[in-house]
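In what follows, a structure is listed as structure tokens, so that the remarks can point back to it.
Chains as they are written, first to last, in this note's numbering: chain A, 1 to 308; chain B, 1001 to 1308.
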């Protein structure tokens, strides 16, 4: 799957992932109104609005991008009905040929991590049969519990040829509270990065590992260091756009081969129509606004990479 | 809710939480057979087996214990059908008067953490109405992302009078890989423990905080230190029984008032009938075996506390 992700990035010339994090406030009133008319102001109604919103954005962007990253929390907040739409979104994106990165940030120990890995990347055994619970291609994983928490994911990835992105340095302002603390003169994120490189060595694709890392666009200097610490890890970079990261901040996340990083934008793409720059599209053409935002993001990153 | 948890512990004289982590291999063949006959060897069939198993155990133990801790991963592995049974289990336990600790180990940043907090502890707004997605009383939270990840949970806890348990020192063998690393001479788990105390100060119940901590029974010496670092935090202690922790290892997790800790056992209770000690009950009386295991665990902990 890492090989497929890379070939899709090369094909689209877009090291971009669209974050499908549909908060209700991003969804046009007309879409919500229609869904509530059909299902009432209920969890089903909210889920239907999310689904119609997602589908429109996917339909307007899938040919430009290699991958999407639905954030499961935004679905989980609506309980079972929300999670049904998470699954429906995963399935629809895969039908459209997109690589799906489930942003689930799970992480536990032993058989519990195994259950998450099976549920999201693998297949669960029921009697003589097997079933995929959610069926993403990649997921994000929290490393705080150490190897016992990560190994079960690696085992499932090995079987299924799927991958993970481990949280190394997150994009939020307070990520430093624990992640930046110095251990023998090295910040914790670097120590986690070294483990990512080690875990990744055992699970290589053609040129990059199935084991990637999350490093926030908001910390370009740390990205530079971590790029060297984990040369074979694909870096998933959140924090572009709405969180403040810009194309020029991203160049050090990439290797000399122009590969090695994939940049996420969520609000900046899916709620583009709410920004001044794309207001001309109007609420009813929110999908086209998202498409324009993807094209601008691709140009911004390509420009920054050319000028580095 | 922390006050209610404490009064339930005092009432039952059992600082015990039963971990409802129903792996299929723990479920008696007869229960699975019946579920598969009705629903086939499908995700629905597996979920039905889990539900029948859970209900039997709850019915046989609810009057002895203050709380249960369903591990969401064990349900999530069966996709939507599994999560429906997670919700059903939460609802059933609350009807039975039990405090429900959702072992979800979520943790993200800003609006994403807020979405998890709303989905599991709070209520989500849909138009003019609000709904509880999963409706647990407490959840476990991963602190690796720092205050940005934790504060949204605190906000929802404050509104709803609910609580969280933050992962501080987990029970697994490799938890030390990151958690034990020394920072200015102090292990990371202690630094996280200090933050737990700080977060907890802002959200106090009568005698303990709504902000608790997870510290594994397998690390009694660290439990002793952390008890002092976080005097007002309730400690949720996994790792008793199957993972190797015993009653005498647990005494330092408790305060002098006999409170301050609640000990989880999962496999040791729910799969008691598979152990030699309880084999006499037979597979068909697995609920009674679980009840006997709870009684023995209560006596083991009470004995250790008396002799400390």
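All residues carry an ideal CB built from backbone N, CA and C; glycine is no exception. Since the structure is predicted, the reported quantities are computational estimates derived from the model, not experimental observations.
- Residue 1092 of chain B and residue 1055 of chain B have their C-alpha atoms roughly 8 Å apart.
- Of the other Cβ atoms in all chains shown, fewer than 16 fall within 10 Å of the Cβ of residue 1010 of chain B; this residue is therefore exposed.
- Remark: C-beta atoms of residue 72 of chain A and residue 86 of chain A approach each other more closely than 8 Å.
- In this structure, residue 45 of chain A and residue 1124 of chain B do not form a Cβ contact; the two beta carbons are roughly 12 Å apart against a cut-off of 8 Å.
- The three-state reading of DSSP puts residue 169 of chain A in strand, counting E and B together.
- The beta carbon of residue 1153 of chain B lies closer than 7 Å to those of 1113, 1117, 1141 and 1164 in the same chain, with the five residues before and after it left out.
- For residue 1062 of chain B, the closest alpha carbon among the candidates B:1306, B:1294 and B:1303 is that of B:1294.
- Residue environment for residue 1003 of chain B: exposed (fewer than 16 other C-beta atoms within 10 angstroms of its C-beta).
- In the DSSP assignment, residue 1053 of chain B falls within the unbroken alpha helix (DSSP H) covering 1043 to 1061.
- Among the bridge pairs identified by DSSP, residue 1129 of chain B is matched with B:1126.
- One alpha carbon belongs to residue 31 of chain A, the other to residue 1146 of chain B, and they sit about 35 Å apart.
- When DSSP states are grouped into helix, strand and coil, residue 106 of chain A belongs to the strand group.
- Only 167, 170, 171, 172, 173 and 174 from the stretch 162 to 174 of chain A bring a Cβ to less than 8 Å from some Cβ of chain B.
- Within chain A, 105, 107, 142 and 144 have C-beta atoms less than 8 Å from the C-beta of residue 1142 of chain B, given in sequence order.
- Residues of chain A whose Cβ lies closer than 9 Å to the Cβ of residue 1128 of chain B are, in chain order, 41.
- Residues of the stretch 1077 to 1089 of chain B that bring their beta carbon within less than 8 Å of a beta carbon in chain A comprise 1077, 1078, 1079, 1080, 1082, 1083, 1084 and 1087, in sequence order.
- Counting of Cβ neighbours within 10 angstroms places residue 1230 of chain B among the buried residues, the total reaching 16 or more.
- Distance from the Cα of residue 1048 of chain B is smallest, within the candidate group B:1060, B:1035 and B:1057, for B:1035.
- Listed along the chain, the chain B residues whose CB falls inside 9 Å of the CB of residue 36 of chain A are 1126 and 1127.
- Membership of residue 265 of chain A in the beta strand (DSSP E) is indicated by the continuous run 261 to 265.
- Apart from the 5 residues on each side of it in sequence, residue 247 of chain A sits with its Cβ closer than 7 Å to the Cβ of 300, 301, 303 and 304 in its chain, given in chain order.
- In the same chain as residue 1157 of chain B, and ignoring 5 residues on each side of it, the C-beta atoms closer than 7 Å to its own belong to 1121, 1163, 1164, 1203 and 1210, in chain order.
- Residues of the same chain with a CB within less than 7 Å of the CB of residue 22 of chain A, apart from the 5 flanking positions on each side, are 50, 53, 54, 74 and 270 in chain order.
- Rounded to the nearest whole angstrom, the CA to CA distance from residue 268 of chain A to residue 60 of chain A is 15 Å.
- For residue 184 of chain A, the number of other beta carbons within 10 angstroms of its own is below 16, and it is reported as exposed.
- The Cβ-Cβ distance between residue 213 of chain A and residue 166 of chain A falls below 8 Å.
- Comparing alpha-carbon positions, the option among B:1106, B:1207 and B:1256 lying closest to residue 1227 of chain B turns out to be B:1256.
- Nearest CB-CB separation between residue 1134 of chain B and chain A: below the 8 Å threshold.
- Look at the stretch 173 to 205 of chain A: the residues with a C-beta under 9 Å from a C-beta of chain B are 173, 174, 175, 176, 177, 178, 179, 181, 182, 183, 184, 188, 191, 192 and 195.
- Rounded to whole angstroms, the gap between the alpha carbons of residue 1067 of chain B and residue 12 of chain A is 52 Å.
- Under a criterion of Cβ atoms nearer than 7 Å, no residue of chain A is adjacent to residue 1275 of chain B; the nearest Cβ is some 17 Å distant.
- Closer than 8 Å to the CB of residue 1112 of chain B there is at least one CB belonging to chain A.
- Pairing residue 1078 of chain B with residue 133 of chain A gives a Cβ-Cβ distance under 8 Å.
- Residue 74 of chain A belongs to the set of residues whose beta carbon lies under 8 Å from a beta carbon in chain B.
- DSSP places residue 1218 of chain B in the coil class of the three-state scheme, outside both helix and strand.
- 1043, 1045, 1046 and 1071: these are the residues of the stretch 1043 to 1072 of chain B whose beta carbon lies less than 8 Å from some beta carbon of chain A, given in chain order.
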